[in-house]
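**Q** Numbering (my numbering), first residue to last: 1 to 173. Here a beta-carbon is modelled for each residue, glycine too, at the ideal position from N, C-alpha and C. Please read all numbers here as calculations on a predicted model, not as lab measurements.
Here it is, written out as structure tokens:
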């Protein structure tokens with residue numbers, strides 16, 4: 001994104017307008033049938049994330065990938081708040097059947113994923129961010145490589161390692 005006289009809020013609004021359909025697609029993918037259990041629709045998730053992004057008026061967005069990466073972190077926070085709210089109301093976790101990018105649907109507990117991802121952040125923040133970008137923002141390895149100036153082969157290797165670590169961690173729960 002070129003630096004212009006536009007304000008960060010104007011940049012955020014422009015990015016959201018340009019990528020709103022993709023933003024909603026990511027929200028739909030993250031929820032993937034769990035909207036009923038979580039009482040949260042993809043549009044609601046997209047709107048809640050957009051509101052939070054607009055409240056971050058000091059963020060200097062560096063284009064589409066940075067915007068979607070930030071959106072991924074915010075969607076993760078919103079989802080976890082909703083999972084915790086539902087769990088507290090029912091004293092149990094809602095059934096969650098979300099996805100790993102590019103694979104068949106597989107059962108996955110979002111709260112367990114969040115805990116494992118937080119643990120991975122303390123071990124390797126780059127790999128945790130990569131998982132967040134792939135899982136919550138739906139970004140491809142190619143998009144992340146271009147945005148971060150890393151080679152695709154390095155990111156593919158990091159993705160495989162992070163995914164294997166998370167799967168192992170989730171199986172231990």
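CB-CB under 8 Å to residue 124, same chain, minus the five flanking residues each way: which ones, in chain order?
**A** Within the chain shown, the letter at position 124 stands for residue 124. Closer than 8 Å at the Cβ level, and outside the excluded window around residue 124, lie 162.
**Q** For residue 154, count neighbouring Cβ atoms within 10 angstroms of its own Cβ and tell me buried if that reaches 16, exposed if not.
**A** As a first step, residue 154 is located in the chain shown; it is residue number 154 there, counting from the start. Counting Cβ neighbours within 10 Å, residue 154 comes out exposed, since fewer than 16 surround it.
**Q** Taking 9 Å as the threshold (C-beta atoms), are residue 26 and residue 116 in contact?
**A** Indexing the chain shown from 1 puts residue 116 at position 116. Indexing the chain shown from 1 puts residue 26 at position 26. Cβ atoms of residue 116 and residue 26: not closer than 9 Å.
**Q** Note down the Cα distance separating residue 41 from residue 29, rounded to an integer number of angstroms.
**A** Taking the first residue of the chain shown as position 1, residue 41 is located at position 41. Taking the first residue of the chain shown as position 1, residue 29 is located at position 29. If I take the Cα positions, the gap works out to 11 Å.
**Q** Relative to the alpha-carbon of residue 52, which residue among 38, 62 and 76 has its alpha-carbon at the smallest distance?
**A** Looking up residue 52 in the chain shown gives position 52. Per the Cα distances, 76.
**Q** Kindly indicate which residue of 47, 119 and 142 has the alpha-carbon position closest to the one of residue 165.
**A** In the chain shown, the residue the question calls residue 165 occupies position 165. Selected option, being the one with the closest Cα: 119.
**Q** Determine the closest residue to residue 54 out of 82, 24, 71 and 127, with distance taken between C-alpha atoms.
**A** For the purposes of this step, residue 54 is identified with residue 54 of the chain shown, where counting begins at 1. Considering only alpha carbons, the answer is 71.
**Q** Counting along the chain, where does the alpha helix (DSSP H) carrying residue 52 start and finish?
**A** Start at 1 with the first residue of the chain shown, and residue 52 comes out as number 52. Counting along the chain, the alpha helix (DSSP H) containing residue 52 begins and ends at 42-55.
**Q** Using a Cβ-Cβ cut-off of 6 Å (strictly less than) and excluding sequence neighbours within five positions of residue 48, which residues of its own chain qualify?
**A** Position 48 of the chain shown holds residue 48. The answer, listed in chain order, is 78.
**Q** Going by CA-CA distance only, name the one from 66, 157 and 45 that's closest to residue 146.
**A** Locating residue 146 in the chain shown gives position 146, where the first residue counts as 1. Ranking the options by Cα distance to residue 146, first place goes to 66.
**Q** Pull up the CB-CB distance for residue 111 and residue 80, whole angstroms please, since I reckon it's below 8 Å.
**A** Your numbering for residue 111 matches position 111 in the chain shown. Your numbering for residue 80 matches position 80 in the chain shown. Rounded, the Cβ-Cβ distance is 7 Å, consistent with contact.
**Q** According to the neighbour-count rule (16 or more other Cβ atoms, all chains shown, within 10 Å of its Cβ), is residue 102 buried or exposed?
**A** To locate residue 102, count along the chain shown from 1; it is residue 102. Low per-residue confidence applies at residue 102: pLDDT is 48, beneath 50, and the placement is therefore not dependable, though the value from the model is reported in the following sentence. The residue is exposed, with fewer than 16 neighbouring Cβ atoms inside 10 Å.
**Q** Nearest to residue 129 by alpha carbon, out of 159, 170, 149 and 45?
**A** One-based indexing of the chain shown puts residue 129 at position 129. Ranking 159, 170, 149 and 45 by Cα distance to residue 129 puts 159 first.
**Q** Give me the Cα-Cα distance between residue 18 and residue 64, rounded to the nearest whole angstrom.
**A** Indexing the chain shown from 1 puts residue 18 at position 18. Indexing the chain shown from 1 puts residue 64 at position 64. Near 9 Å, if we compare the C-alpha coordinates of residue 64 and residue 18.
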